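The block underneath contains the structure these notes are about, expressed in structure tokens.
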Amino acid sequence: MRLSFKIEGGDFTQAGQASSEVKKVLKQLGIDAKTIKNIVIALYEAEVNIVAHAYRGTIDVEIDDKKITIRLTDEGPGIPDIEMAMKEGFSTASKKVREMGFGAGMGLPNIKKNTDLMDIKSTVGVGTELIMVNYF
Amino acid sequence: MKLAEIAGILEAKIVCGEQFANDEIRYGFSSDLMSDVLTLDAENMLLITGLSNVQAVRTAEMSDIKYIAFVRNKKASDEILELAIENGMVILESPFSLFKASGLLYHAGLKPIY
Ligand SMILES: Nc1ncnc2c1ncn2[C@@H]1O[C@H](COP(=O)(O)OP(=O)(O)O)[C@@H](O)[C@H]1O
Ligand SMILES: [Mg+2]
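If you're matching them up, the sequences are chains E and V in order.
So the first sequence is numbered by the numbering used here: it starts at 1 and just counts up by one.
So the second sequence is numbered by the numbering used here: it starts at 1001 and just counts up by one.
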């Protein structure tokens, strides 16, 4: 099963819609609640990152009987130092992002914690690709 | 603690989810930082927050949190209410500060997550 979503940078009113849709689908598929929670928390932080830090992006979800693979790609400023960005507390978030309840530099570390596999690639001035996998 | 009791202590209005007034709630967590909430592993928890925007409800949705209390006299917008109802959540509105609301509920026996 495949799902795809378009995300607009800066649009906090929409942030979380894709994660919400994915949650509904996983529930319908009868995946256990703990696994769903891990997946959607990681996805939600990643979705918010596109809204908060990039110009626009796409979320592609692939679900088979063993796992869910989520690929988030965005056009944006990219991440100059991924190792640094992965550190808890590192953030370049704007005041607006902080007013939304994010921007404490906890997103990427929490994505790592909630996924079985996480891979992030980024090109400065082009964009970022984040792949996450969770096994059922 | 019963939800109705919590609402009483917080002098709060239950603006949605009145039908859950008899639910028993065990834990409380106070934060305006949604990333913080997203690190919790808790069931049966009331989120106490002054962040009354759609992201608070989305965060609760992803975290399987059913109960939210907005403090500092923050009001739930129509958009928030719609989303909360869709997800079967309860929303309280309290005039108290985050500190006062947390203190009163802690004193009354609501348990901390950590
Ligand atoms: N999709 C992205 N595009 C550009 N920069 C990003 C992206 N995702 C994360 N970052 C960078 O990594 C930092 C840390 O991300 P994160 O841990 O989610 O914390 P936060 O979003 O709260 O700042 C961000 O502040 C930003 O500098
Ligand atoms: Mg983030």
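We put the CB at the ideal spot given by N, CA and C, even for glycine.
As the structure is a prediction and not an experimental result, all values here were calculated from the model.
Here Val97 of chain E is actually not in contact with Arg2 of chain E; their C-beta atoms are around 30 Å apart, not less than 8 Å. Assigned with DSSP and collapsed to three states, Val126 of chain E falls in coil, not helix or strand. For the region 91-109 of chain E, residues whose beta-carbon sits nearer than 7 Å to a beta-carbon of chain V comprise Met100, Gly101, Phe102, Ala104, Met106 and Gly107. Contact between the region 1038-1051 of chain V and the region 1068-1082 of chain V is present, with at least three C-beta pairs closer than 8 Å. Unbroken beta strand (DSSP E) stretches of 3 residues or longer found wholly inside the region 1027-1099 of chain V: 1027-1030, 1045-1049, 1067-1070 and 1090-1093, given in chain order. Within 7 Å of the CB of Val40 of chain E, the CB atoms of chain V belong to Met1062, in sequence order along the chain.
Residue pairing by DSSP places Thr115 of chain E in no beta bridge whatsoever.
In terms of beta-carbon proximity, Glu45 of chain E lines the interface with chain V, with at least one pair separated by less than 8 Å. The CB of Met1034 of chain V comes closer than 7 Å to the CB of Gly101 and Phe102 in chain E, given here in chain order. Taking the CA atoms as reference points, Thr92 of chain E sits about 29 Å from Ile68 of chain E. The nearest non-hydrogen atom of ligand 1 is 7 Å or more from the C-beta of Glu83 of chain E. Under the Cβ criterion (8 Å, minimum of three pairs), the region 21-36 of chain E does not count as touching the region 1093-1106 of chain V.
The region 74-113 of chain E contains no complete beta strand (DSSP E) run of 3 or more residues.
In the displayed model, Phe136 of chain E falls within coil according to three-state DSSP, outside both helix and strand. Taking a cut-off of 8 Å for Cβ pairs, the region 1103-1114 of chain V and the region 1076-1089 of chain V do not touch, as fewer than three such pairs fall below it.
For Phe136 of chain E, the nearest beta carbon of chain V is not closer than 8 Å to its own beta carbon. For Val1054 of chain V, the chain E residues whose C-beta falls within less than 7 Å of its own C-beta are Thr13, listed in chain order. DSSP places Glu45 of chain E in the helix class (H, G or I) of the three-state scheme.
Nearest to Ser19 of chain E by C-alpha distance, out of V:Arg1058, V:Leu1003, V:Asn1022 and V:Ile1014, is V:Arg1058. Put simply, the backbone Cα of Gly57 of chain E is about 40 Å away from that of Lys1111 of chain V. Sorting E:Ala42, E:Gly89 and E:His53 by C-alpha distance to the C-alpha of Glu75 of chain E places E:His53 at the top.
Rounded to whole angstroms, the gap between the alpha carbons of Glu99 of chain E and Lys24 of chain E is 27 Å. Note that the C-beta distance between Leu1092 of chain V and Ile1014 of chain V is below 8 Å. DSSP lists E:Leu3 and E:Ile70 as the bridge partner or partners of Val61 of chain E.
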